Amino acid sequence: MNFKTISRNIGYALLVSALFMLLSVVISVIDGDTAYEPLLISFLITFIVGIFPFIFVRKTSQISLKDGYLIIVLSWLLSFVFGMLPYALWGGPFTLANAWFESVSGYTTTGATILNDVEALPRSLLFWRSSTHFIGGLGVVVFLLLVIPDSSPMRLRLTNMELSSLSKVGYSTRTNKTVYIFAYVYLALAALSFLAYLLAGMNVFDAICHAFSVSASGGFSTKNFSIASFNSPVIEAVTLVFMLASSLHFGLLYLSVINKSFRPLNNPVLKFYVTVLIVVTFCVGLSLKFNGVEESFGSALWKGAFQTVSAASTTGFAITDNASWPLLPSAFLMFTAVMCGCAGSTTGGVKADRLLVLFKTMGRQIGRILHPSSVNEVRLGSRLLRDEEVAPHILYLSIYNLLLAFSVLVAMSTGMGGIDSLVGSVVSLGNVGPAIGDMGYMGSYNAIPAVTKLLYTFDMFLGRVEIYPVLAVVAMIFDTKRR
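Per this note's numbering, the sequence shown starts with residue 19, numbered consecutively.
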């Protein structure tokens, strides 16, 4: 393994975090708050460690498969470690376990929090929380790829490792340009949501923080009661629109704008995804109405739509407290928390693409049983999927479910209840964040055991990097055949 290449590229990732820490220091100086020293110390440590390889390590463009996977995994893990420094040094509710949880939740854009009183934090720390969403939404490795020259073979190899095959479908461009397109769309969504929030009545600080969160499908808010705190239908509508946009395939959004046509959106996965959202919205809305949670159908459907899109997009913003909801609407939201958005977006979960492939594969298998002599194929629109293309996605779903079952069992062994263990594991592995009950949209994860917090952060990490890079690194560690 080329440790020089690995260290230099991890350095890029840490410097990105250092930049946003510096911006947080500036806000702290302006406000004169108590987070100045923790943020400044965190910035200096992160900057020194990040810049060190560029001073003492010679540049090289050589990269192996093992190097690439180590760069991806270590870039994320070290970002978590250095990202927790501002919380841990500031103190308050941030024990080491809580600081780690908040950092991982931020970078993975999960949006779960240990804070019972978000508004007690100084603005500089609130900005840092939202910044971790912004960094994690684009991806610490994607930030790295943006500064590597197009001609570098290392850039192409890392791109292929960081982006899944599902994510790259639909861009209609060279793989080497895919990262740029993803970044263009991501930054455009962040800028447009910021302007929309300003026009809707938010102040500049809240607009920036919520734009960082909504474009990253995160969920960290500057308010204790999330979007409900603003009591504004316009802000709720803006949030709903951008939560939905951030959960769509960025390649399709890019092509729609470039071609000035909605034709790229005529996509079977997108149709499936939107259909599921509509059906779940009506089911949740009707359940809220008939169970007496909401007085009118309009209010029930609106809150059903907002929370459905919030769960499916893995954003986690809220306009209502689901702690007292009946089990049925919560169960519908948990289904969307497993599926989540489309590949090529900032969402987590198994992705609507894989779920559609699973359903089509099931249909093909049933067709073969009923009509053995017939030819049954799996198609996504005009695209024919060969068995070797379908198999990795079915395998991914199997691994995902095994990890989910393992997480539930471990959570239960730490003293968590059965339903809380299941729901907590689902929303952590899917990077959704808020769950139900005390861990719901207006609650926090502060009361759960420290061991369970550690487990859920592991789930968040696996969900964010889509499992395979972590399994590859684990296999490298235990690979004794080549030693």
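Every residue, glycine too, gets a C-beta built ideally from N, C-alpha and C.
Everything numeric in this text was worked out from a predicted model, so none of it was measured.
About 5 angstroms separates the beta carbon of PHE268 from that of PHE200, a gap short enough to meet the 8 angstroms contact definition. In the structure shown, VAL396 adopts extended strand secondary structure according to DSSP, grouped into three states. The criterion of a C-beta distance shorter than 7 angstroms is satisfied by SER331 and SER235.
Its Cα nearest to that of TRP108, the residue LEU139 stands out among SER123, LEU139 and SER97. If you compare the alpha carbons of GLY101, SER342 and ASP477 with that of MET457, the shortest gap goes to SER342. Per DSSP, ARG401 is one residue of the beta strand (DSSP E) stretching across 401-403. The segment 241-320 is shown to contain whole alpha helix (DSSP H) runs of 4 or more residues at 251-264, 268-277 and 286-308, in chain order.
In this structure ASN221 is exposed. Its beta-carbon is surrounded by fewer than 16 other beta-carbon atoms within 10 angstroms. Within 10 angstroms of the beta-carbon of PRO467 lie fewer than 16 other beta-carbons, which makes it exposed.
Taking each of GLY448, VAL441 and ASN449 in turn and checking the Cα distance to GLY455, the smallest one comes out for VAL441. When the alpha-carbon of PHE238 is set against those of LYS321, PRO282, VAL302 and SER148, the nearest one is in SER148. With contacts defined as CB atoms closer than 7 angstroms, VAL368 and LEU271 fail to qualify as a contacting pair.
Assignment of ALA138 by DSSP, reduced to helix, strand and coil, places it in the helix class. Counted as a single uninterrupted DSSP element, the stretch harbouring PHE238 is not any alpha helix (DSSP H), since DSSP gives it neither H nor E. Going by DSSP, ALA468 is part of the alpha helix (DSSP H) stretching over 468-483. CA-CA distance, ARG382 to VAL408, rounds to 12 angstroms. Looking from the CA of LEU33, the closest CA among ILE253, GLY101, LEU262 and PHE350 belongs to GLY101. Contiguous alpha helix (DSSP H) elements confined to the segment 336-422 occur at 345-357 and 370-388, taking only those with 4 or more residues.
Looking at CYS227, GLY68, ASP135 and LEU163, the one whose alpha-carbon comes closest to that of SER462 is ASP135. Between PHE112 and ALA106, the C-beta gap is smaller than 7 angstroms, which places the two residues in contact. With respect to the 7 angstroms criterion, ALA355 and GLY448 are classified as neighbours on the basis of their beta carbons.
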